[in-house]
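Trainee: Okay, here's the structure, questions in a sec.
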Amino acid sequence: MTGIANLRELITRNVRTSGIFIAFVLIVLLFSVLTDGLLLSSRNLTSLVLQFSYILILAIGMVIIIIGGHIDLSVGSVVALTGAVAAVVVIRNGMPWWVGVLAALGTGLLVGAWQGFWVAYVGIPAFIVTLAGMLLFRGLTLEVLNNVSLSPFPSEYTSIASGFFNGLLGGYGYDAFTLVIFAVAVLGFAYNAWRNRRARIAYNQTVEAPVLFVLKLVVVAVVVMWFAWNLATYRGLPAVLIILAVLIMVYTLVTKHSVFGRHVYAIGGNLAAAQLSGVRVKRVNFWMFVNMGFLASVAGVVFSARSSAAQPAAGNMFELDAIAACFIGGAAVTGGIGTVTGAMVGGLIMAVMSNGMQLMGVDQSTQQVVKGIVLLLAVAFDVWNKRRAAAAR
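Residue numbers (full-length UniProt numbering): 1 to 393.
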């Protein structure tokens, strides 16, 4: 018989997931009060999307790496290298902007294949391989740029990160296209949630009470459409938000509903069992790093388009922000646990904290201290949650 769970049961049944969302809401409310509402202004919300999109893109790839039981310390250097390659192709050699994008993506794939080879087929730990890659690709960035910055990119290239879709469907004082896109997204979320609920009922699994299910959909719809209205009344739908949304949807499907995704979880959860089950561990590890290289190159294109320049020091510390987003979002240090959605929420927590402290005029050193404490508490919560689960068995 299908079980019906109340609100308390839903929260306590999965402390890890519910804790992330509760923490995010509390942090948003806290900084909204501390900044006198400036955090949630239309202008600042748009700025948040533009400023932190590349970190969220990196976090998508990083969470897959962490679920698989690895780590990647080189992504910041790969961001710099791929942006440098795009700049040389477009700015220095005068080729079309899309050629620069393809060159950057190709470079990212080659970088991922290089690192995947050493990790998967040679057997060197990912920590060592990517630490070497962090130094190697930073050095290559300096060589490619001749240790100088290249700028500016043409407007077509910069529109990847700074462009907006506005006025496509009209609207008086707001952009109707933005509202339509978000409304479609809400309907898609509701339909998917309804399908999942039906599937769980069919397999006699516990589901939330109907009132709680409807309440969840209403809350999500209100928050999403409120966010959409703020974007629509400012400059419209950012192009980079569409890129990010597509990546989130694709990789959510990959991690939850593909053979590759199930194998990644299996390897991170229990490597020996995965090998005995016939999982081709080397191939899966290889493609995990190829994928990370690809997403790092996407982030490199977005970041260089945002700054309209390629700089030798670009991407510095990006890897730490991406890793922190994953762990704050509920990924386990030992692998086998984590979600793309959780990584996105973790990245948003980092973004809100950084942006809120900037609005308050907090100096950079204090911001780093706060980020470090939050990361430490997130990992401590993960350890506590594991001990709690083990004690309950």
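C-beta atoms are modelled at their ideal positions from N, C-alpha and C, and glycine is treated no differently.
Since the model is a prediction, treat every value here as computed from it, not as a measurement.
Under 6 Å from any heavy atom of the ligand ADP, does the C-beta of A84 make it?
Mentor: Ligands in the displayed structure: none, and consequently the ligand ADP is not present.
Trainee: Report buried or exposed for Y203, applying the criterion of at least 16 other Cβ atoms within 10 angstroms of its Cβ.
Mentor: Answer is exposed; the Cβ neighbour count stays below 16.
Trainee: Excluding the five sequence neighbours on either side, which residues of its own chain have a C-beta within less than 7 Å of the C-beta of L168, listed in chain order?
Mentor: Excluding residues within five positions, the ones whose Cβ falls inside 7 Å are F177.
Trainee: Spell out a yes or no on whether the stretch 103-123 and the stretch 354-372 are touching, meaning 3 or more CB-CB pairs, one atom from each, closer than 8 Å.
Mentor: They do not touch, by the three-pair rule.
Trainee: Apart from the five residues just before and just after I66, which ones in its own chain have a Cβ nearer than 7 Å to its Cβ?
Mentor: Cβ neighbours of I66 beyond the five flanking positions: C326, A331, G335 and G338.
Trainee: With respect to the alpha helix (DSSP H) encompassing W118, which residues constitute its N-terminal and C-terminal limits?
Mentor: Looking at the DSSP string, W118 is not in any alpha helix (DSSP H), and its letter there is neither H nor E.
Trainee: Can you look up L150 in the DSSP assignment and give me helix, strand or coil?
Mentor: L150: strand per DSSP, three-state reduction.
Trainee: Should A86 and S307 be called a contact, given that it needs their Cβ atoms to be closer than 7 Å?
Mentor: Contact flag unset, no.
Trainee: Quick check on the burial criterion: 16 or more other C-beta atoms within 10 angstroms. Buried or exposed for P152?
Mentor: With fewer than 16 other Cβ atoms within 10 Å, it is exposed.
Trainee: Compute the Euclidean distance between the alpha carbons of S258 and L81, then round it to the nearest angstrom.
Mentor: Cα to Cα, the separation comes out at about 31 Å.
Trainee: Who are V227's beta bridge partners in DSSP?
Mentor: First, the amino acid is wrong: residue 227 is Phe here, not Val. F227 is not bridged to any residue.
Trainee: Helix, strand or coil: which one does DSSP assign to L168?
Mentor: Three-state result, L168: coil.
Trainee: For A183, name the three-state secondary structure that DSSP assigns.
Mentor: In the structure shown, A183 sits in a helix (DSSP, three-state: H, G or I).
Trainee: Starting from the N-terminal side, write out each stretch of the alpha helix (DSSP H) that is 4 residues or longer and does not extend beyond the stretch 346-392.
Mentor: Within the stretch 346-392, the complete alpha helix (DSSP H) runs of at least 4 residues are 364-392.
Trainee: Is L241 helix, strand or coil when you go by DSSP?
Mentor: Looking at L241 - three-state DSSP - the assignment turns out to be helix.
Trainee: Closest to I181 by C-alpha separation, out of N166, D36 and A193, would be which residue?
Mentor: Considering only alpha carbons, the answer is N166.
Trainee: By a C-beta neighbour count over all protein chains shown, 10 Å radius and 16 as the cutoff for buried, is R92 buried or exposed?
Mentor: R92 comes out exposed.
Trainee: From what residue to what residue does the alpha helix (DSSP H) around A59 run?
Mentor: It spans S42 to I67 - the alpha helix (DSSP H) in which A59 sits, taken as one unbroken run.
Trainee: Taking all protein chains shown into account, do 16 or more other C-beta atoms lie within 10 angstroms of the C-beta of Y191, making it buried, or fewer, making it exposed?
Mentor: When all chains shown are included, Y191 counts as exposed.
Trainee: Could you please give the first and the last residue of the uninterrupted alpha helix (DSSP H) stretch that includes I91?
Mentor: It is not in any alpha helix (DSSP H) - I91 carries neither H nor E in the DSSP assignment.
Trainee: For Y174, which option in A193, W226 and F189 has the closest C-alpha, if you only look at C-alpha atoms?
Mentor: Comparing Cα-Cα distances from Y174 to each of A193, W226 and F189, the minimum goes to W226.
Trainee: Just confirm the distance between the C-beta atoms of G68 and V264, as a whole number of angstroms; I'd bet it's less than 8 Å.
Mentor: Indeed, because the Cβ distance is near 5 Å, the residues count as touching under 8 Å.
Trainee: According to DSSP, simplified to helix, strand and coil, what is A313?
Mentor: Looking at A313 - three-state DSSP - the assignment turns out to be coil, as it is neither helix nor strand.
Trainee: When you compare each of Q364, M360 and V333 to V379 by their alpha carbons, which one comes out closest?
Mentor: Checked all of Q364, M360 and V333; the closest Cα to V379 is V333.
Trainee: Thinking C-alpha only, which one of G19, V28 and R43 is nearest P238?
Mentor: Residue R43 is the option with its Cα nearest to P238.
Trainee: So, are the CB atoms of N147 and P312 less than 7 Å apart?
Mentor: Yes, the Cβ-Cβ distance between N147 and P312 is below 7 Å.
Trainee: Please report the Cβ distance between V129 and T252, rounded to the nearest whole angstrom; I am assuming they are in contact, meaning their Cβ atoms lie under 8 Å.
Mentor: Not quite, the Cβ-Cβ distance comes to about 27 Å (not below 8 Å), so this is no contact.
Trainee: Do you know offhand how far F381's Cα is from G346's?
Mentor: Going from the Cα of F381 to the Cα of G346 covers about 14 Å.
Trainee: Can you tell me whether D36 is helix, strand or coil according to DSSP?
Mentor: Coil.
Trainee: Considering only the alpha carbon of each residue, which of N291, V374, A314 and A309 lies closest to I57?
Mentor: For the residues N291, V374, A314 and A309, the minimum Cα distance to I57 belongs to N291.
Trainee: Helix, strand or coil for N270? Go by DSSP, reduced to three states.
Mentor: In this structure, N270 counts as coil in the three-state DSSP scheme.
Trainee: Three Cβ pairs or more, each shorter than 8 Å: is that satisfied between the stretch 195-211 and the stretch 130-140?
Mentor: Counting Cβ pairs under 8 Å, fewer than three are found: no touch.
Trainee: Determine the direct distance from the alpha carbon of K256 to that of M344, and round the result to whole angstroms.
Mentor: Going from the Cα of M344 to the Cα of K256 covers about 15 Å.
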